[in-house]
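**Q** Quick one: the structure is below, questions incoming.
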């Protein structure tokens with residue numbers, strides 16, 4: 031009751047919130063920004079750290095061990111004994127692949143008395159496909175990987191698996207981390223030496239296209255801005271370890287992220303087509319929510335786009351005429367009359383409409399013409415986003 035009374039009085043008094051200002055006037059950082067930079071651990075610059083000295087010199091196998099040993103000695107603790115070989119191979123196999131070692135692998139390791147026995151096991155596990163499947167899952171969690179839109183209407187993402195495989199392959203191929211990040215944020219803009227590399231980089235941008243999409247959102251602008259917010263939140267958490275979405279509505283209360291920075295990022299994503307193959311639509315059938323124009327084509331570019339566009343126009347026109355003919359038959363008794371082949375005219379007309387619909391789909395749906403992927407591409411309209 032007392033807490034409710036306090037909140038009630040606070041609201042009656044105007045619900046004043048302590049002002050934290052991160053605006054940088056005339057290029058000078060605000061005092062609050064400077065305080066956070068100096069005091070918060072996450073904003074401290076990287077620095078060289080001296081490896082601590084230890085009293086017992088024969089336990090540590092590397093510099094990281096020395097840090098651990100120094101703390102143990104500080105607390106008057108001794109390291110535990112080394113694990114036996116069976117325990118060790120079980121630990122490392124579960125760690126690197128998520129699977130138990132085979133009986134044959136255990137027996138071979140136990141019998142191998144060479145100084146490189148453990149190194150051999152580790153190299154074999156790192157080279158296995160299961161390594162990427164095990165450790166790729168960690169990044170897929172960070173990238174909020176899922177195979178449907180979630181939210182109010184849960185639609186399948188039929189092409190999401192390409193991004194999943196990209197991540198697994200990146201781990202198994204030991205792709206450098208900086209390249210891994212660059213491809214996922216800007217793969218569509220990077221130069222490529224081959225068609226295969228171009229496709230891989232396009233698939234990598236699925237990082238920005240996955241995630242929850244509220245396809246039932248009736249307002250187009252709200253749908254777009256919610257998706258932009260989701261992209262900003264994912265990138266900031268994944269790459270910086272820092273959530274920035276608080277600044278959508280106000281300057282961040284706990285980190286030096288002003289609202290102006292948030293909408294500067296939003297402008298970049300508003301200038302980017304989010305190609306997840308879905309659109310917003312309030313109500314309707316499941317297929318109504320899909321938009322095949324919002325997919326990325328993989329493989330060689332069609333050599334006769336102009337011819338295809340002509341064929342699409344012709345098919346659209348023929349389909350409109352066929353539908354009109356079917357409607358005319360439906361509005362009269364003529365539809366029940368028999369054609370020369372002995373079938374009803376309205377049956378023939380419906381079959382014609384169905385065939386032309388299938389033809390149009392084959393001409394217009396990228397997924398019917400070759401492999402496609404989720405991802406992003408530059409929008410035809412480049413613009414900034416005002417603070418909202």
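In this note's numbering, the protein residues as written are 31 to 418.
Backbone N, C-alpha and C define an ideal beta-carbon position, used for all residues, glycine too.
All values derive from a computational prediction rather than experimental measurement.
1. Quick check on the DSSP output: what are the complete beta strand (DSSP E) runs of length 3 or more inside the segment 236 to 318, in order along the chain?
2. Going by DSSP in three states, residue 403 sits in which element: helix, strand or coil?
3. For residue 196, which of helix, strand or coil comes out of DSSP?
4. Going by DSSP, what residue range makes up the alpha helix (DSSP H) through residue 117?
5. For residue 350 and residue 206, I'd like the C-alpha separation in whole angstroms.
6. For the putative contact between residue 240 and residue 193, defined by C-beta atoms under 8 Å, what is the C-beta separation to the nearest angstrom?
7. Does DSSP put residue 105 in a helix, in a strand, or in coil?
8. Can you name the residues that DSSP bridges to residue 368?
9. Does the Cβ of residue 385 have 16 or more other Cβ atoms within 10 Å, making it buried, or fewer, making it exposed?
10. So the candidates are 253, 379 and 366; which of them puts its Cα closest to the Cα of residue 353?
11. So, at 8 Å on beta carbons, what are the nonlocal neighbours of residue 346 in its own chain, with the 5 sequence-adjacent residues on each side left out?
12. Answer yes or no: do residue 231 and residue 213 have a C-beta to C-beta separation smaller than 8 Å?
13. Name, in chain order, the residues that DSSP records as bridge partners for residue 186.
14. Determine the DSSP secondary structure at residue 95, reduced to helix, strand or coil.
15. Output the residue ranges of the alpha helix (DSSP H) runs that lie fully inside the segment 143 to 173 and measure 4 residues or longer, sorted by chain position.
16. Kindly identify the DSSP beta-bridge partner or partners of residue 327.
17. In the DSSP output, which residue or residues are listed as bridge partners for residue 320?
18. Tell me whether residue 34 is buried or exposed, calling it buried when 16 or more other Cβ atoms sit within 10 Å of its Cβ.
19. Taking residue 153 as the reference, which of 110, 106 and 202 has the closest Cα?
20. How would you write the range of the alpha helix (DSSP H) that residue 41 sits in, first residue to last?
21. Could you check the C-alpha separation between residue 286 and residue 62 for me, to the nearest Å?
22. In whole angstroms, what is the alpha-carbon distance linking residue 399 and residue 387?
23. Excluding the 5 residues preceding and the 5 following residue 367 in the sequence, name in chain order all residues of the same chain whose CB lies nearer than 6 Å to its CB.
24. Here's a check: name, in chain order, each residue in its chain whose Cβ is nearer than 7 Å to the Cβ of residue 178, leaving out the five neighbours to either side.
25. Our contact map puts residue 297 next to residue 415 with C-beta atoms below 8 Å; I'd like the distance itself, whole angstroms only.
26. Can you tell me where the alpha helix (DSSP H) with residue 140 in it begins and where it stops?
27. Assign residue 408 to one of three DSSP states: helix, strand, or coil.
28. Let's see if you can read the secondary structure: which residues bound the alpha helix (DSSP H) around residue 208?
29. I need the boundaries of the alpha helix (DSSP H) containing residue 232, first residue and last residue.
30. Just to confirm my understanding: we take residue 116, look at its own chain, exclude 5 residues before and 5 after, and list those with CB closer than 7 Å. What are they?
31. I need the straight-line Cα distance from residue 64 to residue 70, nearest angstrom please.
**A** Put simply:
1. 302 to 305
2. strand
3. helix
4. 115 to 127
5. 53 Å
6. 7 Å
7. coil
8. 374
9. exposed
10. 379
11. 390
12. yes
13. 178
14. helix
15. 147 to 156 and 159 to 172
16. 402
17. 308
18. exposed
19. 202
20. 32 to 42
21. 8 Å
22. 15 Å
23. 375
24. 184, 185, 186 and 187
25. 4 Å
26. 133 to 141
27. strand
28. 207 to 216
29. 225 to 234
30. 136 and 140
31. 10 Å
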